[in-house]
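Participant: Residue numbers (this note's numbering): 81 to 205.
Here you go, one structure.
Right under this line is the structure:
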């Protein structure tokens with residue numbers, strides 16, 4: 081009986097590790113895409129990122145807390161959320177948007193390089 085319980089516990093642990101692996105791998109934008117993302121400021125309550133994505137380039141699945149995005153240049157972006165929903169949007173230079181916490185990937189599907197500033201609002205601890 082103890083062998084069965086130990087084997088069951090091992091299976092549950094392995095399942096939990098695999099279930100959490102996607103969330104762990106989809107976390108920090110600067111880590112998953114260091115070629116496109118530069119951390120400008122990282123403080124206890126805010127982080128500011130500069131993101132430069134060439135046409136055809138993408139940023140793998142990553143997560144943000146609440147954030148504000150300022151589009152320095154415009155462009156056409158394909159976004160895929162963690163639940164598989166895909167949207168394409170065209171942004172104009174100077175456009176600003178606010179987002180609730182999100183996990184997603186992005187791809188520049190336009191013909192010009194895109195530059196954005198992302199201001200992440202870190203949750204209070």
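Here a beta-carbon is modelled for each residue, glycine too, at the ideal position from N, C-alpha and C.
This one's a predicted model, so the numbers in the text were calculated from it and none came from an experiment.
1. Using the Cα positions of residue 178 and residue 135, report the straight-line distance between them to the nearest angstrom.
2. Express the C-alpha separation of residue 184 and residue 193 in angstroms, rounding to a whole number.
3. Pick out whichever of 204, 148, 130 has its Cα sitting closest to the Cα of residue 115.
4. Got a sec? Which residues, its chain only, sit under 6 Å from residue 128 by beta carbon, not counting five neighbours each side?
5. DSSP state of residue 111, grouped into three classes?
6. Does the Cβ-Cβ distance between residue 107 and residue 162 come in under 9 Å?
7. I'd like to check one pair, residue 125 with residue 180: are the Cβ atoms closer than 9 Å?
8. Using the beta-carbon count (16 or more within 10 Å), is residue 190 buried or exposed?
9. Spatial neighbours of residue 167 within its chain, please: C-beta separation below 6 Å, excluding the five flanking residues on both sides.
10. Could you give the residue range of the beta strand (DSSP E) that holds residue 191?
11. Tell me whether residue 136 sits in a helix, a strand or coil according to DSSP, three-state version.
Facilitator: Let's see:
1. It is roughly 24 Å from the alpha-carbon of residue 178 to the alpha-carbon of residue 135.
2. In a straight line, the C-alpha of residue 193 is about 20 Å away from that of residue 184.
3. It is 130 whose Cα lies nearest to the Cα of residue 115.
4. Taking C-beta separations shorter than 6 Å and ignoring five residues to either side along the sequence, the partners of residue 128 in its chain run 120, 121, 199, following chain order.
5. The answer is helix: DSSP assigns residue 111 an H, G or I state.
6. No, they are not a contact pair.
7. It is not a contact, given that the beta carbons lie outside the stated cut-off.
8. Burial call: buried.
9. 159, listed in sequence order.
10. Unbroken run through residue 191: none, as it is neither H nor E.
11. Coil, per DSSP.
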